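Reminder that position 15 of the sequence shown reads as 15 in this note's numbering, one-by-one numbering, no gaps.
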Amino acid sequence: MTNRTTVETWVSDYERLWRTAGTAGLSDLFTADASYLPSPWASPIVGLPALTEFWEAERDGPDESFTMSSEVIAVDGSTAIVRVNVEYSGDDGSNGRWRDLWVLTFDDDERCAAFEEWPFAPRQRDGHEPHAS
Numbered sequence: 001m002t003n004r005t006t007v008e009t010w011v012s013d014y015e016r017l018w019r020t021a022g023t024a025g026l027s028d029l030f031t032a033d034a035s036y037l038p039s040p041w042a043s044p045i046v047g048l049p050a051l052t053e054f055w056e057a058e059r060d061g062p063d064e065s066f067t068m069s070s071e072v073i074a075v076d077g078s079t080a081i082v083r084v085n086v087e088y089s090g091d092d093g094s095n096g097r098w099r100d101l102w103v104l105t106f107d108d109d110e111r112c113a114a115f116e117e118w119p120f121a122p123r124q125r126d127g128h129e130p131h132a133s
């Protein structure tokens, strides 16, 4: 049975792995056939080989500069909801701020079988995309 402590530890391990060179630890976090949905509109990434490619393409590497905080909102059975705040700060002076909701489903070994991310950036303040004029 998944609990808050399990989820907090998993999120901490996720951040640690994101900051670590390589992707060898993904199998400690995710099941072999895990589904990873990086936004509600994206096609799911399925399986560790595809997830490995996605991680390598999406991050700048272990020196990527960002801060991250999280709060477990709810845990029900094997499913958890986590609010995540991330702020990137690049060498070129660019910043990226995100507030995400993660919907995580765990297996009996406390590895994630399904990851669903709902990312929001400040430009999405009102929840609507700008209309073309």
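In this text, a Cβ means the ideal position worked out from N, Cα and C, and glycines have one as well.
Since the structure is predicted, the reported quantities are computational estimates derived from the model, not experimental observations.
key: Those runs of the beta strand (DSSP E) which lie wholly inside the stretch 46–90 and span at least 3 residues   = Counting whole runs of 3 or more residues, the stretch 46–90 contains the beta strand (DSSP E) stretches 66–76 and 79–89.
Of the residues Ser39, Glu64, Trp102 and Thr79, which one's Cα is nearest the Cα of Tyr88?
As a first step, residue 88 is located in the sequence shown; it is residue number 88 there, counting from the start. When the alpha-carbon of Tyr88 is set against those of Ser39, Glu64, Trp102 and Thr79, the nearest one is in Glu64.
### Task
Check each candidate in Asp76, Arg111, Glu117 and Gly96 and name the one with the smallest Cα separation from Val103.
For the purposes of this step, residue 103 is taken as residue 103 along the sequence shown, with counting starting at 1. Of the residues Asp76, Arg111, Glu117 and Gly96, the one whose Cα lies closest to the Cα of Val103 is Glu117.
*Hey, could you find the ends of the alpha helix (DSSP H) Ser27 is sitting in?*
As a position in the sequence shown, residue 27 is number 27, starting the count at 1. Where Ser27 is concerned, the enclosing alpha helix (DSSP H) stretches over Leu26 to Leu29.
Review point. Is the CB-CB distance between Val86 and Phe106 below 8 Å?
Key: Counting from one through the sequence shown, the residue named residue 86 turns up at place 86. Counting from one through the sequence shown, the residue named residue 106 turns up at place 106. One thing to note: Val86 has its Cβ no nearer than 8 Å to the Cβ of Phe106.
Mapping DSSP to helix, strand and coil, what is Asp108?
-> Locating residue 108 in the sequence shown gives position 108, where the first residue counts as 1. Correct three-state label for Asp108: coil.
Open item on the list: According to DSSP, simplified to helix, strand and coil, what is Arg16?
Closed with: One-based indexing of the sequence shown puts residue 16 at position 16. Secondary structure of Arg16 (DSSP, three-state): helix.
Measuring alpha carbon to alpha carbon, tell me which of Asp108, Phe120, Ala121 and Pro119 ends up nearest Met1.
-> Sequence index remark: in the sequence shown, residue 1 carries index 1 (1-based). Ranking the options by Cα distance to Met1, first place goes to Asp108.
Flag Leu48 as yes when its Cβ comes closer than 7 Å to any non-hydrogen atom of the ligand MN, and as no otherwise.
Looking for the ligand MN in the displayed structure turns up nothing, as the structure carries no ligands at all.
On the CB-based measure, 16 or more other CB atoms within 10 Å of its CB, does Ala21 come out buried or exposed? Translated into the one-based positions of the sequence shown, residue 21 becomes position 21. Exposed: under 16 other Cβ atoms inside 10 Å.
*asked:* Among the candidates Pro49, Phe54 and Pro44, whose CA atom is the shortest distance from the CA of Ala32?
replied: Here residue 32 refers to the residue found at position 32 of the sequence shown. Ala32 has its Cα closest to that of Pro49, out of Pro49, Phe54 and Pro44.
So, for Thr23: in the same chain, excluding its five sequence neighbours on each side, which residues have a beta-carbon less than 6 Å away from its beta-carbon?
By 1-based counting over the sequence shown, the position of residue 23 is 23. Only Thr52 and Trp55 meet the Cβ criterion.
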